[in-house]
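A.B. asks: For the sequence shown, the working numbering gives the first residue as 118, with consecutive numbering after it.
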Amino acid sequence: MTRVKRFFVNGMILTATSLIMSGIGVWYSVYISNRIGSEAMGVYQLIMSVYSFAVTLAASGISFAATRLVAEELGQGREGGVRKSMRRCVVYALCFSMAAGVLLFAVSEPIGQFVLKNPDTVLPMKTMAFGLPFLAVSASFGGYFTAVRRVVKNAGVQILEQVVRIGITLAALSLVHDGNLMHICLAIAVSGVLTEIMSFVSSLVLYLNDRKRYDVTKPSTDQLTKKMLSIAVPIALSSYLRSGLLTLKNLLVPLRLQKAGLTQSAAVTFFGMMHGVVLPILLFPSAFISSFSGLMIPELSEYRARDHRVVGNRSIYYLISRMLQLNLLFSIGVAGVGFPFSQPPAAAGGGDAQTAVYLRVMAPIIPVMYVDNCVDCVLKGLNEQLSSMKYNIIDAAVSVLLVLFLLPHTGTAGYVAVICFSEILNFALSLHRMVTVTKFRIHPVNAFVKPIAATVIAGEICRRLPLIEKNTMSLVLSIGCQAAVYVLILMLVKCIRREDGAWLKKIFINSDHKFVESCGKKE
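1) Pick out the complete alpha helix (DSSP H) segments inside the stretch 473-527, 4 residues or longer, and give them in chain order.
2) Counting along the chain, where does the alpha helix (DSSP H) carrying Cys212 start and finish?
3) What does the alpha-carbon distance come out to for the pair Ala514 and Leu605?
4) What residue from Arg558, Thr134, Gly229 and Met203 has the CA that sits closest to Lys344's CA?
5) Just to confirm, are Phe447 and Asp489 a CB contact at a threshold of 8 Å?
6) Report the rounded CA-to-CA distance for Ser319 versus Leu412, giving the unit in angstroms.
7) Pairing CB atoms from the stretch 227-247 with CB atoms from the stretch 305-318, are three or more of them under 8 Å?
8) Please name the residue in Ala530, Gly393 and Ile437 whose C-alpha comes closest to that of Ser166.
9) What are the start and end residues of the alpha helix (DSSP H) that includes Arg641?
10) Taking its Cβ as the centre, do 16 or more other Cβ atoms sit within 10 Å of Leu519, making it buried, or is it exposed?
11) Closer than 7 Å by C-beta to Ile437: which residues in its own chain qualify, once you throw out the five before and the five after it? Chain order, please.
12) Excluding the five sequence neighbours on either side, which residues of its own chain have a C-beta within less than 8 Å of the C-beta of Val219, listed in chain order?
13) Tell me the residue span of the alpha helix (DSSP H) that contains Thr244.
14) Just the C-alpha distance for Arg373 and Val232, rounded to the nearest angstrom, thanks.
15) With a cut-off of 8 Å, do at least 3 Cβ pairs link the stretch 606-615 to the stretch 570-577?
16) From Pro236, Ser504, Ala256 and Leu186, pick the residue whose C-alpha is nearest to that of Ala175; which is it?
17) With DSSP as the reference, label His294 as helix, strand or coil.
18) Alpha carbons only, please: which of His300, Val274, Ala188 and Cys302 is nearest the one belonging to Arg266?
19) Assign Gln230 to buried or exposed, taking buried as 16 or more other Cβ atoms, counted over all protein chains shown, within 10 Å of its Cβ.
20) So, for Leu341: in the same chain, excluding its five sequence neighbours on each side, which residues have a beta-carbon less than 8 Å away from its beta-carbon?
21) Rounded to whole angstroms, what is the Cα-Cα separation between Gly142 and Asp339?
22) DSSP three-state call for Thr312: helix, strand or coil?
23) Compute the Euclidean distance between the alpha carbons of Phe405 and Ala384, then round it to the nearest angstrom.
24) Determine the closest residue to Arg580 out of Gly597, Thr364 and Leu417, with distance taken between C-alpha atoms.
25) Report buried or exposed for Gly466, applying the criterion of at least 16 other Cβ atoms within 10 angstroms of its Cβ.
26) Tell me which residue opens and which closes the alpha helix (DSSP H) that Pro415 is part of.
27) With DSSP run on the structure shown, which of helix, strand or coil describes Ala160?
28) Just verifying my parser: in three-state terms, what is the DSSP assignment at Ala377?
29) Assign Asn430 to one of two classes, buried (16 or more other C-beta atoms within 10 Å of its C-beta) or exposed (fewer than that).
30) Check whether the Cβ atoms of Ser214 and Ala253 lie closer than 8 Å to each other.
31) Can you tell me whether Ser338 is helix, strand or coil according to DSSP?
32) Do you know offhand how far Asn326's Cα is from His526's?
33) In the DSSP assignment, the alpha helix (DSSP H) including Arg580 goes from what residue to what residue?
34) Taking Gln279 as the reference, which of Val370, Ala452 and Tyr145 has the closest Cα?
35) Could you check the C-alpha separation between Ala272 and Thr134 for me, to the nearest Å?
36) Would you check if the distance between the CB atom of Gln599 and the CB atom of Val454 is smaller than 8 Å?
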């Protein structure tokens with residue numbers, strides 16, 4: 118299988134996996150929200166904010182470090198370094214995750230009592246601490262499978278993990294009959310720990326079987342430990358700061374909303390709706406393209422390991438060009454669908470008319486969110502991960518300040534504005550850095566003006582059809598119609614060219630070509 122064909126096949130496998138995972142995840146969030154109630158969902162989201170910081174401490178950049186180390190060893194023809202790299206990554210993951218687990222267990226009571234002001238959250242957080250070592254080591258194995266492009270194995274583990282998590286959670290929640298908040302959150306926490314153990318065992322078995330293909334007698338890079346630490350530690354430290362700021366922001370949101378006049382129950386309910394329903398729905402379509410963006414990291418790492426040039430490197434230029442084009446056209450189309458079709462997803466997510474309003478208001482920010490992920494992957498693949506993390510920290514710090522000073526005066530509308538401004542700021546900084554490093558040229562008319570005009574025109578045409586929102590089938594037909602009109606307009610204005618179709622055909626029919634030769638003519 119050719120390199121570019123393997124890239125797209127792996128991308129499609131990961132896309133299918135991501136769609137399944139995202140679909141199940143959205144359904145799972147909706148089910149939990151309906152099962153435990155909106156207020157309890159808000160409390161659970163606050164617990165998850167604390168837990169996410171503990172996960173950051175536990176993982177400490179190990180997944181990315183494993184991907185970079187293994188990809189660069191293979192890129193330099195040093196198969197002997199694969200196992201050595203992974204041994205160091207696993208030890209690193211165990212050390213940091215055990216320390217994170219002890220810390221979370223120790224601080225759960227003061228956080229639950231004095232920060233969350235809810236004693237029912239203490240025991241669930243302590244329980245979650247036991248799953249962190251299994252999660253971190255599994256993350257290192259995930260980085261390995263990404264580096265070696267055996268995504269099917271990683272995808273299988275993820276799907277199995279999600280299915281097991283839901284099955285155990287449903288079974289555990291069925292045992293809770295008293296509606297007690299602590300019992301509900303504890304059932305979810307125990308289910309999560311059991312799932313992480315299962316995921317670890319599965320990943321370990323697959324890794325031990327897969328690593329046999331690499332010859333340990335072949336050479337490896339010297340000072341692998343130093344190299345791993347040089348990749349992982351800066352990411353870890355930056356992640357700690359950013360995750361800490363985001364956790365602080367999430368904990369502050371209900372408190373500052375109460376200053377705006379909301380009751381504690383209303384503030385927590387709003388927070389749960391935004392993070393449990395609105396944002397998952399907005400991010401769900403990204404499953405179609407985020408996997409391709411993630412696969413750029415090992416590809417770009419290998420290109421950079423072979424040829425340290427970034428500016429003037431055709432392989433790097435065309436990979437970035439194609440992926441940005443894919444992300445931009447797709448995300449702008451999704452944003453166009455968000456305006457006329459916000460009510461059905463909101464209803465499916467258990468939300469009310471207000472949820473639909475938030476979905477519609479935030480639809481224009483979808484391209485920023487999706488393309489920002491692509492740009493971040495480019496920066497990481499080009500060894501610019503510290504720049505990416507720096508921008509994430511700036512974004513998080515600004516968000517905390519806005520929450521502190523803006524929310525008491527603007528309420529829920531202010532928090533929506535904070536989210537939108539945060540996404541735009543992060544995207545602008547990351548895009549500027551990518552352009553600076555690669556000298557990549559962006560053509561505003563083709564990249565933004567034409568697709569936006571196309572999605573607006575497609576929306577106006579299809580909005581007048583009698584099909585819209587009458588039932589599920591008419592909804593699907595309406596969305597399909599708008600997508601078809603959007604693509605047709607893109608073809609007419611030459612955002613999608615005949616060469617693009619020929620390029621894709623060449624990928625899957627020709628069997629002997631290099632990556633750069635499959636990327637069309639040099640622009």
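Think of the CB as a built atom: it goes at the ideal place given N, C-alpha and C, for glycine as much as any other residue.
C.D. replies: By the coordinates alone:
1) Taken in chain order, the complete alpha helix (DSSP H) segments of 4 or more residues contained in the stretch 473-527 are 483-498.
2) The count along the sequence shown starts at 1 and reaches residue 212 at position 95. Unbroken alpha helix (DSSP H) run through Cys212: Gly197 to Pro227.
3) For the purposes of this step, residue 514 is identified with residue 397 of the sequence shown, where counting begins at 1. For the purposes of this step, residue 605 is identified with residue 488 of the sequence shown, where counting begins at 1. Cα-Cα distance, rounded: 42 Å.
4) The residue given as residue 344 occupies position 227 in the sequence shown. Shortest Cα-Cα distance from Lys344 to any of Arg558, Thr134, Gly229 and Met203 involves Met203.
5) To locate residue 447, count along the sequence shown from 1; it is residue 330. To locate residue 489, count along the sequence shown from 1; it is residue 372. For Phe447 and Asp489, no; Cβs fall outside 8 Å.
6) Taking the first residue of the sequence shown as position 1, residue 319 is located at position 202. Taking the first residue of the sequence shown as position 1, residue 412 is located at position 295. Cα-Cα distance, rounded: 22 Å.
7) With the rule of 3 Cβ pairs closer than 8 Å, the stretch 227-247 counts as touching the stretch 305-318.
8) For the purposes of this step, residue 166 is taken as residue 49 along the sequence shown, with counting starting at 1. It is Gly393 whose Cα lies nearest to the Cα of Ser166.
9) Nothing in the structure corresponds to residue 641, since the chain is present only between 118 and 640.
10) Here residue 519 refers to the residue found at position 402 when the sequence shown is read from its first residue. Under the 10 Å beta carbon count, Leu519 is surrounded by 16 or more other beta carbons and is classified as buried.
11) Along the sequence shown, read from residue 1 onward, the residue named residue 437 stands at position 320. Only Val495, Thr555 and Phe557 meet the Cβ criterion.
12) Indexing the sequence shown from 1 puts residue 219 at position 102. So the qualifying residues of the chain are Ala246.
13) As a working note, residue 244 is residue 127 in the sequence shown. Boundaries of the alpha helix (DSSP H) harbouring Thr244: Val239 to Met245, taken from the DSSP string.
14) To locate residue 373, count along the sequence shown from 1; it is residue 256. To locate residue 232, count along the sequence shown from 1; it is residue 115. Distance between the alpha carbons of Arg373 and Val232 is about 13 Å.
15) Segments in contact, yes.
16) Taking the first residue of the sequence shown as position 1, residue 175 is located at position 58. Distance check between Ala175 and each of Pro236, Ser504, Ala256 and Leu186 places Ala256 closest, using alpha-carbon atoms only.
17) Here the question's residue 294 lines up with position 177 in the sequence shown. Residue state for His294 is assigned as coil, using DSSP reduced to three classes.
18) Mapped onto the sequence shown, residue 266 falls at position 149. Nearest in C-alpha terms to Arg266, of all of His300, Val274, Ala188 and Cys302, is Ala188.
19) Stepping through the sequence shown from its first residue, residue 230 is reached at position 113. With fewer than 16 Cβ atoms within 10 Å of its Cβ, Gln230 is classed as exposed.
20) For this step, residue 341 is matched to residue 224 along the sequence shown. Leu186, Gly198, Lys201, Ser202 and Arg205, listed in sequence order.
21) Residue 142 sits at position 25 when you count from the first residue of the sequence shown. Residue 339 sits at position 222 when you count from the first residue of the sequence shown. Between the alpha carbons of Gly142 and Asp339 lies a distance of about 42 Å.
22) In the sequence shown, residue 312 corresponds to position 195, counting from 1. In the three-state reduction of the DSSP assignment, Thr312 falls in the helix class.
23) The residue labelled residue 405 in the question sits at position 288 within the sequence shown. The residue labelled residue 384 in the question sits at position 267 within the sequence shown. Take the alpha-carbon of Phe405 and the one of Ala384: they are about 33 Å apart.
24) Translated into the one-based positions of the sequence shown, residue 580 becomes position 463. Ranked by Cα distance from Arg580, the first of Gly597, Thr364 and Leu417 is Gly597.
25) Numbered from 1 along the sequence shown, position 349 holds the residue referred to as residue 466. Its pLDDT being 49, under 50, Gly466 is placed unreliably by the model, and nothing is read from it.
26) Your numbering for residue 415 matches position 298 in the sequence shown. Where Pro415 is concerned, the enclosing alpha helix (DSSP H) stretches over Ser407 to Arg423.
27) Walking along the sequence shown from the start, residue 160 turns up at place 43. Correcting the residue type first, residue 160 is Val in the shown sequence and not Ala. If DSSP states are grouped into helix, strand and coil, Val160 belongs with the helices.
28) As a first step, residue 377 must be located in the sequence shown, where it is residue number 260. The answer is coil: DSSP assigns Ala377 none of H, G, I, E or B.
29) As a working note, residue 430 is residue 313 in the sequence shown. By the neighbour-count criterion, in which 16 or more other beta carbons inside 10 Å mark a residue as buried, Asn430 falls on the buried side.
30) The residue given as residue 214 occupies position 97 in the sequence shown. The residue given as residue 253 occupies position 136 in the sequence shown. Yes, the pair counts as a contact, with Cβ atoms nearer than the cut-off.
31) Along the sequence shown, one-based indexing puts residue 338 at 221. Before going further, note that residue 338 is Thr rather than Ser in the sequence given. In the structure shown, Thr338 adopts coil according to DSSP, grouped into three states.
32) Indexing the sequence shown from 1 puts residue 326 at position 209. Indexing the sequence shown from 1 puts residue 526 at position 409. Asn326 and His526: Cα-Cα distance of roughly 58 Å.
33) Along the sequence shown, read from residue 1 onward, the residue named residue 580 stands at position 463. In this chain, the alpha helix (DSSP H) harbouring Arg580 covers Lys567 to Arg580.
34) Taking the first residue of the sequence shown as position 1, residue 279 is located at position 162. Relative to Gln279, the option among Val370, Ala452 and Tyr145 whose CA is nearest is Tyr145.
35) Translated into positions along the sequence shown, residue 272 becomes position 155. Translated into positions along the sequence shown, residue 134 becomes position 17. Rounded to whole angstroms, Ala272 to Thr134 spans 6 Å at the Cα level.
36) In the sequence shown, the residue the question calls residue 599 occupies position 482. In the sequence shown, the residue the question calls residue 454 occupies position 337. Closer than 8 Å, so yes.
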